[in-house]
Amino acid sequence: MRNSLISALLCVLGALPAAAQDWQAATELDLSLARNGRNGNALNSSSGPLEEIEDYSMARIAARMALQGSSPFRLQLGLLHDEGNAETIVDGGDSDDTYDGSSQLSLQLGLAGERHYFGGFAAAGEVAFNPDDSDQDADYGAYGLEAAWHTGGLTLSGQIGRLDSEAEDPETLSDAGFVALNAGYALQDQTWISGRAAHASGNQDTDSGSGRDRVDLLALGLEIERGFPIAGGHQASLYGAADWVEVREGSSSGSPDEVSDLVISFGLRITFGAQGAAERNRRFAPRLPEFGRWLGAVPAVD
């Protein structure tokens, strides 16, 4: 699945400028680099070498395309590929429970007006872990409802839905419900400041003889983006973001096991068919949560 999603992503990237012209679509390419710092009382809590990597880099490429005619009906396709770059060998042994990347295909359908959007979404993908834990690699799917409201330079949006995964060794989040909220504001239509928050609750280690483990996930993020016009009447922007994800698993000792990721990222977005931050957010459906990175954070808590 991962290779096929990468191939589909490359096809969409090649079609971005033409699609924006031929279909009068809004399209976006997003490239970013990030650094993840991981900590918590469950990280490397067992005896032996420090097998769970505490600091590593990531790189992501994503694209989305929104199509809308004269009617309020909107169709949006999204593709994403994320690569982890954590060490695979630690003190002569294999690293453990460490995110290696993910790929995702998404579909968003809804009705869009001047000040609102309401619709549904579905996403399918794969999350991978370092080679020694390849049996934890999981296929995942998510679906639910979403909405957005716009007034002036302000946009409020969110999703509510289900997230599930399947793996040979199911150590990541499954059978989970989640809610995600986003708020953004355009300053002079070139600077965009946004915040995001999400909570998910589900199960881990579903094949355990002692029963599945309950897991709660909290995600918070802050981003600032500065846009500038480029040739052809299109838009580009540079952004920086900080995202924090905490995973908490109940423990028989009464004290929960916790692992948290702090991801600092910098990126470039290029938009075709929409000028300025406020117009772009009216032309696209709300951004989906970081499902792949959510799932990638969970095995280390076990």
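One gets our numbering by counting positions in the sequence shown from 1 and adding 488 to each. Quick reminder that beta carbons are idealized off the backbone N, C-alpha and C, glycines included. In this text, all values refer to a predicted model and were calculated from it rather than measured experimentally.
Query raised in the report: What is the C-beta distance between Phe754 and Leu521, in whole angstroms, given that I count them as a contact (C-beta under 8 Å)?
Result: Along the sequence shown, read from residue 1 onward, the residue named residue 754 stands at position 266. Along the sequence shown, read from residue 1 onward, the residue named residue 521 stands at position 33. That belief holds up - the Cβ atoms of Phe754 and Leu521 are roughly 6 Å apart, short of 8 Å.
Query raised in the report: What is the DSSP secondary structure of Gln647, reduced to helix, strand or coil?
Result: Taking the first residue of the sequence shown as position 1, residue 647 is located at position 159. Here Gln647 sits in strand by DSSP.
**Report entry** Rounded Cβ spacing between Thr643 and Ala636 (contact assumed at less than 8 Å)
**Finding:** In the sequence shown, residue 643 corresponds to position 155, counting from 1. In the sequence shown, residue 636 corresponds to position 148, counting from 1. Contact check for Thr643 and Ala636: beta-carbon distance about 6 Å, within the 8 Å limit, so the pair qualifies.
Query raised in the report: Can we count Ile681 as close to the ligand PLP, meaning its CB is less than 7 Å from some heavy atom?
Result: Of ligands this structure carries none, so the ligand PLP is not represented either.
**Report entry** Run of the alpha helix (DSSP H) containing Phe779, from where it starts to where it stops
**Finding:** Mapped onto the sequence shown, residue 779 falls at position 291. Run containing Phe779: Phe779 to Ala785, per the alpha helix (DSSP H) assignment.
Query raised in the report: Just how far apart, CA to CA, sit Leu706 and Ala686?
Result: Taking the first residue of the sequence shown as position 1, residue 706 is located at position 218. Taking the first residue of the sequence shown as position 1, residue 686 is located at position 198. Leu706 and Ala686: Cα-Cα distance of roughly 6 Å.
**Report entry** Three-state secondary structure assigned by DSSP to Asp621
**Finding:** Taking the sequence shown and counting its residues from 1, one reaches residue 621 at position 133. Looking at Asp621 - three-state DSSP - the assignment turns out to be helix.
Query raised in the report: Secondary structure at Arg775, three-state DSSP: helix, strand or coil?
Result: On the sequence shown, position 287 is the one that residue 775 refers to. Three-state result, Arg775: coil.
Query raised in the report: What first and last residue would you give for the beta strand (DSSP E) that runs through Ser662?
Result: Reading the sequence shown from its first residue, position 174 is the one you call residue 662. Counting along the chain, Ser662 sits inside the beta strand (DSSP E) bounded by residues Ser662 to Leu675.
Query raised in the report: Going straight from the alpha carbon of Ser662 to that of Arg775, what length do you get?
Result: Numbered from 1 along the sequence shown, position 174 holds the residue referred to as residue 662. Numbered from 1 along the sequence shown, position 287 holds the residue referred to as residue 775. Cα-Cα distance, rounded: 21 Å.
Query raised in the report: Residues bridged to Asp701 by DSSP?
Result: Numbered from 1 along the sequence shown, position 213 holds the residue referred to as residue 701. According to DSSP, Asp701 bridges with Gln692.
**Report entry** Distance between Ala655 and Tyr628 (C-alpha atoms, nearest Å)
**Finding:** Position 140 of the sequence shown holds residue 628. Position 167 of the sequence shown holds residue 655. Distance between the alpha carbons of Tyr628 and Ala655: 9 Å.
Requested in this report: Use the C-beta contact count for Arg562: other C-beta atoms within 10 angstroms, 16 or more gives buried, fewer gives exposed.
Outcome: Along the sequence shown, one-based indexing puts residue 562 at 74. It is buried - the Cβ of Arg562 has at least 16 other Cβ atoms within 10 Å.
Query raised in the report: Rounded to whole angstroms, how far is the Cβ of Leu750 from the Cβ of Gly525, which I believe are closer than 8 Å?
Result: What you label residue 750 is simply residue 262 of the sequence shown in a count that begins at 1. What you label residue 525 is simply residue 37 of the sequence shown in a count that begins at 1. Contact holds; Cβ gap of about 5 Å.
Query raised in the report: According to DSSP, is Arg603 helix, strand or coil?
Result: Locating residue 603 in the sequence shown gives position 115, where the first residue counts as 1. Under the three-state reduction of DSSP output, Arg603 falls in the coil class, being neither helix nor strand.
Query raised in the report: When burial is assigned at 16 or more other CB atoms within 10 Å of the CB, is Leu567 buried or exposed?
Result: Taking the first residue of the sequence shown as 1, we reach residue 567 at position 79. The residue is buried, with at least 16 neighbouring Cβ atoms inside 10 Å.
**Report entry** Beta-carbon proximity list for Glu542, same chain, < 8 Å, skipping 5 on both sides
**Finding:** Locating residue 542 in the sequence shown gives position 54, counting from the first residue. Result list for Glu542: Gly525, Arg526, Asn527, Leu531 and Asn532, in chain order.
Report task. With a threshold of 16 other CB atoms inside 10 Å of the CB of Arg548, please say whether the residue is buried or exposed. Result -> Against the sequence shown, residue 548 aligns to sequence position 60. Around the CB of Arg548, 16 or more other CB atoms lie within 10 Å, so the residue is classed as buried.
Query raised in the report: Which residue or residues does DSSP assign as beta-bridge partners of Glu654?
Result: Working through the sequence shown from its first residue, we reach residue 654 at position 166. Partner(s): Asp627.
Query raised in the report: Whose C-beta lies closer than 6 Å to the C-beta of Asp582 among residues of the same chain, with five residues either side of it excluded?
Result: In the sequence shown, the residue the question calls residue 582 occupies position 94. For Asp582, where only same-chain residues beyond five positions count, the Cβ hits under 6 Å are Asp620.
Query raised in the report: Can you give the Cα-Cα distance for His569 and Tyr587, rounded to whole angstroms?
Result: Counting from one through the sequence shown, the residue named residue 569 turns up at place 81. Counting from one through the sequence shown, the residue named residue 587 turns up at place 99. About 13 Å.
**Report entry** Rounded straight-line distance, which links the Cα of Trp782 to that of Ala674
**Finding:** Position 186 of the sequence shown holds residue 674. Position 294 of the sequence shown holds residue 782. As the crow flies, the alpha-carbon of Ala674 is around 28 Å from that of Trp782.
Query - Under the three-state DSSP convention, the category Gly761 falls into - result: Taking the first residue of the sequence shown as position 1, residue 761 is located at position 273. DSSP places Gly761 in coil when its eight states are reduced to three.
**Report entry** Option in Val703, Ser645 and Glu711 with minimal Cα separation from Phe606
**Finding:** Within the sequence shown, residue 606 is the residue found at index 118, counting from 1. Comparing Cα positions, the closest option is Ser645.
Requested in this report: List the residues that DSSP assigns as beta-bridge partners of Arg548.
Outcome: As a first step, residue 548 is located in the sequence shown; it is residue number 60 there, counting from the start. Answer is Ser520 and Asp570.
**Report entry** Asp743 versus Ala730 - alpha carbon distance
**Finding:** As a working mapping, residue 743 is identified with position 255 in the sequence shown. As a working mapping, residue 730 is identified with position 242 in the sequence shown. Strictly speaking, residue 743 in this sequence is Ser, with Asp absent from that position. Spanning the two alpha carbons is a distance of roughly 28 Å.
**Report entry** Asp731, enclosing beta strand (DSSP E) - first and last residue
**Finding:** As a working mapping, residue 731 is identified with position 243 in the sequence shown. Here the beta strand (DSSP E) through Asp731 covers His722 to Glu737.
**Report entry** Coarse secondary structure for Ala513, derived from DSSP in three states
**Finding:** Stepping through the sequence shown from its first residue, residue 513 is reached at position 25. Note: Ala513 maps to coil in three-state DSSP.
Query raised in the report: With a CB to CB cut of under 8 Å and the five nearest residues on each side skipped, what residues in its chain are close to Glu540?
Result: Working through the sequence shown from its first residue, we reach residue 540 at position 52. Result list for Glu540: Arg526, Leu531, Asn532, Ser583, Asp584, Asp585, Thr586 and Ala788, in chain order.
**Report entry** Candidates Glu575, Gly665 and Arg684, of which the one nearest Gly672 by Cα
**Finding:** Position 184 of the sequence shown holds residue 672. Checked all of Glu575, Gly665 and Arg684; the closest Cα to Gly672 is Arg684.
Query - Buried versus exposed, by CB contacts within 10 Å (16 or more), Gln512 - result: Your numbering for residue 512 matches position 24 in the sequence shown. Classification for Gln512: exposed.
Query raised in the report: Per DSSP, which one or two residues make a beta bridge with Arg714?
Result: Along the sequence shown, one-based indexing puts residue 714 at 226. Answer by DSSP bridge pairing, in chain order: Thr679 and Leu726.
Query raised in the report: Of the residues Leu756, Thr694 and Gln678, which one's Cα is nearest the Cα of Ala766?
Result: Translated into positions along the sequence shown, residue 766 becomes position 278. Of the listed residues, the one whose Cα sits closest to Ala766 is Gln678.
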